[in-house]
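Residues in the sequence shown are numbered from 29 upward in steps of one, following my numbering. I have placed the structure first, in the form of structure tokens, so that the comments after it can refer back to it.
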Amino acid sequence: MTARPPADDKPHEECGVFGVWNVADAAAVVALGLHALQHRGQEAAGIVALGDDGAFRAHKGRGLVGDIFSDAKVIAGLPGRAAIGHNRYATTGETAIRNVQPLYADFAFGGFAVAHNGNLTNAMTLKRELVQRGCLFQSSTDSEVFVHLIAISRCSTVLDRLIDALKQVQGAYSLAALHDGALIGARDPLGVRPLVLGRLHEGWVIASETCALDIVGASFVRDIEPGEIVVVDGSGPRSVKPFAAVASRFCIFEHIYFARPDSVVEGTPVYAARKRIGAELAREAPVAADVVVPVPDSGVPAAMGYAAEAGIPFELGIIRNHYVGRTFIEPTDQIRHLGVKLKHSANRAMIEGRRVILVDDSIVRGTTSRKIVEMVRNAGATEVHMRISSPPTTHSCHYGIDTPERADLMAANHSVAEMARIIGADSLAFISLDGLYRAVGRAGRDAAAPAFCDACFTGDYAIPLTDRERPDAPPAPRRKLRA
Ligand code: AMP
């Protein structure tokens, strides 16, 4: 979220959405889908189900999907053949349950639930106007503006009300929505966040990523297109395109880090793309070394690509402990710094006496890199060369991925040479923007019409940052990066 009052406890970031229509045990299927999308948000999750009796029932909680929905009684309390769910990752303060999605409202036309992945850039501006018109906000998520805009719309059908609302919001959104007549999936005109349509037996699925289709045995039908609304009802899916067509700008960081490696996004298998990024990096920034070591888990495919291209052995020289709970490492800054050590340990046998190339996907604040380089040196590496499978992160994301303000972004404040010194590496290199574009299947970056949203590397914000540019916008709060 781009501009929010300091008291706003929960920005809305980095989420996963999943919905089903005409599927037996819909809530249980949604819980599985959310589990596969857990990487998109670990703070809280919720499901809203539509019963055969026409009643909507909801269950939400803080924590991981498995913890919230493992009790059979919880799922039994969500009967029906249609449901939507949401995973949430929030960045500051304590997660207030009122902010956990899906959001639900009883409108004059009936119940309506919505789950949002992305971030609206004019939510505060809209909220101010809506509050002046008498709307009573129940949460502090940007997503609640959808609910109020739909409520006050003068259009007659639910779909037209939704379209009316979407035409007023700016920002990134991939939505799953549910009312008693249909499951709806919608993507913003630039298609910043992913959203796919799947088929499950006689029913239909909408999901943030294909890995969530796989877990429930659904088949991939197609990506929901940028600017498209897909309405699934008794007669199957119907496509509506209410916006003027514009060139899409899918988030390139989904390819680098955010999407799960077994997902296929925008027609590109993520795992293969990450290996190609690593290979590009090896061509652009070669260095003599004995071993290529990924910073697990996200650095693994890029390190494999680098190692293969460079002809240097790949080894798991760092082992990740998967049982470090976020809640354990979050509470204080001191503990958060400890987090990296809790999470990663050096595999000395693979490192000692060797020249090591470390591959990670990004440097944000630099905390991880600094700790890892030190750890690898302490394990006996004779040289440590850091290679990063993204260009330097110089700008904050305002479209749904949690990044700190620029003041806290290492690459926004230091040259690459300075960064190398700060993290203690013998050398440091990032993939170029053109190399990245090549790895994800383009000829390079066309500056006049970039194929992706790459604002975090370029500052080229394709969607206006309306709230942020407001003269009375409150100062942006400092953010914590996911530990
Ligand atoms: P830092 O330690 O602040 O430099 O963060 C870099 C590390 O955080 C890398 O290892 C990335 O894999 C990871 N990372 C990058 N972007 C994000 C994000 N938006 N949320 C959580 N982790 C991230």
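Cβ coordinates follow ideal geometry from the N, Cα and C atoms, glycine included.
- For residue 243 against residue 225, the beta-carbon gap comes to about 16 Å, at or over 8 Å, which does not count as contact.
- Inter-segment contact for the region 275-291 and the region 438-447 is absent: fewer than three beta-carbon pairs are separated by less than 8 Å.
- For the pair residue 141 and residue 84, the CB atoms are nearer than the 8 Å cut-off.
- When secondary structure is reduced to three states using DSSP, residue 484 falls in the helix class.
- Residue 178 is positioned such that its CB atom lies closer than 8 Å to that of residue 190.
- Straight across, the Cα-Cα distance linking residue 182 with residue 198 is about 20 Å.
- A contact between stretches requires three or more CB pairs, one per stretch, nearer than 8 Å, and the region 313-321 meets this requirement with the region 344-352.
- Residue 344: not part of any alpha helix (DSSP H); DSSP gives it neither H nor E.
- For the 8 Å CB-CB criterion, residue 55 and residue 111 form a contact.
- Across the structure, residue 475 and residue 465 are spaced so that their CA atoms are roughly 12 Å apart.
- Only residues of its own chain outside the window of five on either side were considered, and among them 280, 283, 296, 301, 304, 305 and 480 have a CB closer than 8 Å to the CB of residue 468, listed in chain order.
- Each residue's CA atom was taken as its position, placing residue 484 and residue 256 some 25 Å apart.
- Pairing residue 477 with residue 105, the inter-Cα distance amounts to about 49 Å.
- About 6 Å separates the beta carbons of residue 438 and residue 393, which is inside the 8 Å limit, making them a contact pair.
- Taking the Cβ of residue 96 as the reference point, every heavy atom of the ligand AMP lies at 7 Å or farther away.
- A check of alpha carbon separations from residue 235 across 489, 433 and 65 identifies 65 as the nearest.
- Rounded to whole angstroms, residue 176 and residue 494 show a C-alpha spacing of 19 Å.
- Between the ligand AMP and the CB of residue 450, the shortest heavy atom gap is not smaller than 7 Å.
- In the displayed model, residue 286 falls within a helix according to three-state DSSP.
- A distance of 8 Å or more separates the beta carbons of residue 79 and residue 88.
- For residue 348, the Cβ stays outside the 7 Å cut-off from all heavy atoms of the ligand AMP.
- Following the DSSP letters along the chain, one finds residue 180 inside the alpha helix (DSSP H) bounded by residues 172-180.
- Counting along the chain, no alpha helix (DSSP H) covers residue 77; the unbroken beta strand (DSSP E) around it starts and ends at 72-78.
- At a cut-off of 7 Å, the beta-carbon of residue 444 does not count as near the ligand AMP: no heavy atom of the ligand is closer than that.
- Residue 131 sits in a strand when the DSSP states are folded into three classes.
- Judged by beta-carbon spacing, residue 143 lies within the 8 Å limit of residue 204, meaning their Cβ atoms are closer than that value.
- Around the C-beta of residue 388, 16 or more other C-beta atoms lie within 10 Å, and the residue is accordingly described as buried.
- DSSP places residue 411 in the strand class (E or B) of the three-state scheme.
- In this structure residue 127 is in contact with residue 169, their Cβ atoms being roughly 5 Å apart against a cut-off of 8 Å.
- For residue 257, the CB stays at least 7 Å from every heavy atom of the ligand AMP.
- The closest heavy atom of the ligand AMP lies less than 7 Å from the beta carbon of residue 285.
- The criterion of a C-beta distance shorter than 8 Å is satisfied by residue 213 and residue 223.
- Counting every other CB atom within 10 Å of its CB across the protein chains shown gives residue 415 a total of 16 or more, marking it as buried.
- DSSP places residue 384 within a strand segment (E or B) once states are collapsed to three.
- Listed in chain order, the non-local C-beta contacts of residue 93 below 7 Å within the same chain comprise 59, 62, 63, 66, 73 and 115, local neighbours out to five positions each way being set aside.
- For residue 97, the enclosing alpha helix (DSSP H) covers residues 93-97.
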